[in-house]
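Sequence positions in the sequence shown follow UniProt numbering and run 1 to 535. Backbone N, C-alpha and C fix where the C-beta goes; we use that ideal spot for every residue, glycine too. I have placed the structure first, in the form of structure tokens, so that the comments after it can refer back to it.
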Amino acid sequence: MAILLGEILQSLELWLKLIKNPQPQPYVNPNLDPVLLVPGVGGSMLHAVDESEGSRERVWVRFLNAEYTLKTKLWSRYDPSTGKTESMDPNSRIMVPEDRHGLHAIDILDPDLMLGSDSVYYFHDMIVEMRKWGFEEGKTLFGFGYDFRQSNRLQETMDRLAAKLESIYNAAGGKKINIITHSMGGLLVKCFMCLQSDIFEKYVKNWVAICAPFQGAPGTINSTFLNGMSFVEGWEQNFYISKWSMHQLLIECPSIYELMGCPNSHWKHIPALELWRERHDSDGKSHIVLESYPPCDSIKVLEQALVNNIVNYNGEDLPLPFNFEILKWANKTWEILSSAKLPSQVKFYNIYGTSLETPHSVCFGSGDKPVTDLQQLRYFQAKYVCVDGDGTVPIESAKADGLNAEARVGVPGEHQRILREPHVFRLLKHWLKAGEPDPFYNPVNDYVILPTAFEMERHKEKGVEVASLKEEWEIISKVQDDQSSTADKVCSISVSQEGANQSYSEAHATVIVHPDSEGKQHVQLNALAVSVDAS
């Protein structure tokens with residue numbers, strides 16, 4: 001029955017693909033430097049190739065028949081001899097489609113959905129925007145999808161990225177490449193920069209990291225190990241992969257262990273795994289206590305909670321405990337990442353998400369319902385201690401790149417949806433010089449500060465010097481301020497100083513900020529300085 005249903009669904013997917021019209025290529029600017037887009041965990045389309053028949057099908061992402069396909073094609077076991085996780089299906093080989101020069105795999109992750117969903121529109125909006133700026137697929141715009149189950153330093157992935165950079169460099173006529181990474185893609189590129197620094201320096205001009213978990217995402221990952229993970233929210237969850245089925249995939253993925261973060265990271269506030277437990281004193285009296293486990297100690301909790309975890313594959317129960325072989329590999333990855341150095345000729349920019357409650361520590365149980373059996377943690381609702389961030393990666397982690405950054409800019413936005421934020425587009429366009437340069441644009445504040453008037457006069461007579469300054473600007477912002485205030489804002493400053501030989505100086509300045517009008521704010525500065533030289 002499942003096979004027949006699968007055939008029906010494949011026919012439906014084919015029909016959906018046929019009724020979609022391709023988008024024409026707009027204006028092309030041949031002078032742009034090439035760009036490579038690198039996604040994060042779950043951000044690459046994956047196909048399963050049947051080694052016996054040679055056929056292939058998309059197994060990630062898909063909404064139709066998603067749960068069945070995940071269990072039969074993507075569930076995996078880790079091989080410590082290679083550092084690679086391999087699908088349980090011996091006849092399936094997972095590969096990343098290279099259509100559209102790698103962009104197809106990171107654009108719309110399920111292109112057959114009749115009704116578009118935010119959860120599958122990955123780099124789509126950014127690709128559309130960059131094509132408007134003049135980027136051309138295959139000439140100046142490329143994508144690098146990868147098997148996100150694997151380690152961020154897997155040699156196979158590093159070799160693919162090296163070959164990709166060389167091919168882009170050649171296709172662009174010897175121009176160096178701008179890399180834009182999202183989320184875990186930042187860790188992958190940082191690993192590459194460490195392990196193949198000569199190739200990185202040869203081919204890369206700029207690197208822009210967006211929402212990268214440079215210090216891990218321990219709150220989110222601890223919850224994933226104990227409760228599972230959902231890649232979609234709302235009603236769509238009913239048609240997608242269950243959180244626990246996703247858990248059974250991720251428990252054997254080196255990339256997830258690497259996202260736990262470096263055990264020796266210097267956090268301002270140390271993330272913890274907290275449990276409400278019932279304990280007995282020497283008199284046999286019970287007490288409900290809140291136990292807190294920092295990153296190193298939380299491993300013991302994860303081990304006990306998952307000691308009897310099993311997955312049923314083809315009627316056989318297979319053990320899937322917390323994998324210490326993968327943890328050992330992941331700790332080595334963090335040793336490599338901690339030694340990263342940015343080549344002097346490469347410029348690095350960091351965009352991090354803000355203004356959303358983001359898991360930092362995670363707590364299970366309560367004073368009324370303590371945890372009595374760690375193996376039952378999967379049935380407890382996780383409660384988070386949150387900090388500021390993008391909903392997944394805390395600001396502290398995203399800013400901990402350890403590199404000599406040209407700029408670090410916070411943008412209000414959710415972890416994935418930030419890839420379609422206009423503010424991010426303006427930053428990229430400015431840094432990549434994808435258009436006429438605007439010398440008055442301030443990327444940190446997202447303002448254009450345009451001087452409109454400047455007058456300065458200076459007079460000196462009989463030991464008295466008088467200088468006056470008048471300057472005006474227009475501040476142009478895409479985000480308009482609250483329109484409730486219609487009054488001018490006035491600020492006055494006065495300073496004075498006594499010098500040697502009874503000399504004296506005094507200055508007064510007044511700044512007037514007029515109310516916002518259609519995204520423009522007029523600012524006036526009037527200043528007067530008087531200096532008396534008694535000698």
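- Under DSSP, serine 517 takes part in a beta bridge, and its partners are Lys520.
- Taking a C-beta distance under 8 Å as the contact criterion, proline 271 and proline 254 do not qualify as a contact pair.
- Pairwise C-beta distances place the region 345–364 in contact with the region 403–414, as three or more of them are shorter than 8 Å.
- Only residues of its own chain outside the window of five on either side were considered, and among them Gly228 and Met229 have a CB closer than 6 Å to the CB of methionine 246, listed in chain order.
- Counting only runs that start and end inside the region 218–261, the alpha helix (DSSP H) elements of at least 4 residues fall at 218–227, 243–250 and 254–258.
- The DSSP assignment places complete alpha helix (DSSP H) segments of no fewer than 4 residues inside the region 265–336 at 295–305, in order along the chain.
- Taking C-alpha positions only, lysine 300 is separated from methionine 260 by approximately 14 Å.
- Note that the region 174–184 touches the region 205–222; at least 3 beta-carbon pairs, one per stretch, sit closer than 8 Å.
- When DSSP assignments are scanned along the region 160–225, the uninterrupted stretches of beta strand (DSSP E) that are 3 or more residues long and fall wholly within it turn out to be 177–182 and 204–210.
- Within the DSSP secondary-structure output, histidine 423 pairs in no beta bridge.
- The beta carbons of tryptophan 60 and tyrosine 313 sit no closer together than 8 Å.
- Beta-bridge pairing by DSSP links arginine 58 to His47.
- Nearest in C-alpha terms to asparagine 404, of all of Gln248, Gln345 and Lys429, is Gln345.
- For glutamine 416, the three-state secondary structure derived from DSSP is coil.
- Methionine 88 carries a coil assignment under DSSP once its states are collapsed to helix, strand and coil.
- Arginine 279 is classed as exposed because its beta carbon has fewer than 16 other beta carbons within 10 Å across all chains shown.
- A distance below 8 Å between beta-carbons, with the five flanking residues on each side excluded, links lysine 399 to the following residues of its chain, in chain order: Phe214, Asn350, Tyr352 and Arg408.
- Contact check for valine 96 against aspartate 147 passes: the beta carbons are separated by less than 8 Å.
- Setting aside the 5 residues that flank it on each side, proline 263 is surrounded in the same chain by Pro295 and Cys296, each with a C-beta closer than 6 Å to its C-beta; the list follows chain order.
- With respect to leucine 64, isoleucine 241 sits apart: the two C-beta atoms are not nearer than 8 Å.
- The C-alpha of glutamate 258 lies about 51 Å from the C-alpha of valine 511.
- Here the C-alpha atom of phenylalanine 144 lies approximately 24 Å from the C-alpha atom of histidine 423.
- Methionine 456 sits exposed, since fewer than 16 C-beta atoms from the chains shown fall within 10 Å of its C-beta.
- Residues Glu498 and Val532 of the same chain have their beta carbon placed closer than 6 Å to that of tyrosine 504, with the five preceding and five following residues left out of the count.
- A distance below 8 Å between beta-carbons, with the five flanking residues on each side excluded, links serine 81 to no residue of its chain.
- Approximately 14 Å separates the beta-carbon atoms of aspartate 388 and isoleucine 418; this is outside 8 Å, ruling out the contact.
- The beta carbon of serine 223 sits closer than 6 Å to the beta carbons of Val362 and Ala382 from its chain, once the five residues preceding and following it are set aside; these are given in chain order.
- Contact check for valine 371 and tryptophan 276: beta-carbon distance about 6 Å, within the 8 Å limit, so the pair qualifies.
- For glutamate 67, there is no enclosing beta strand (DSSP E); the enclosing alpha helix (DSSP H) has its first and last residue at 66–69.
- Taking the Cα of alanine 467 as reference, the smallest distance to any Cα among Asn445, Asn526 and Leu337 is reached at Asn526.
- In this structure, DSSP gives glutamate 396 a helical state, which the three-state scheme calls helix.
- Looking at the DSSP output, alanine 340 shares a beta bridge with no other residue.
- In the DSSP annotation of this structure, the continuous segment of the alpha helix (DSSP H) that includes valine 128 starts and ends at 124–132.
- The three-state reading of DSSP puts tyrosine 349 in strand, counting E and B together.
- Assignment of tyrosine 121 by DSSP, reduced to helix, strand and coil, places it in the strand class.
- Sequence-distant partners of glutamate 252 (beyond 5 residues in either direction) whose C-beta falls short of 7 Å from its own C-beta, in its chain, are Ser76, Arg77, Tyr78, Thr85, Leu320 and Asn323.
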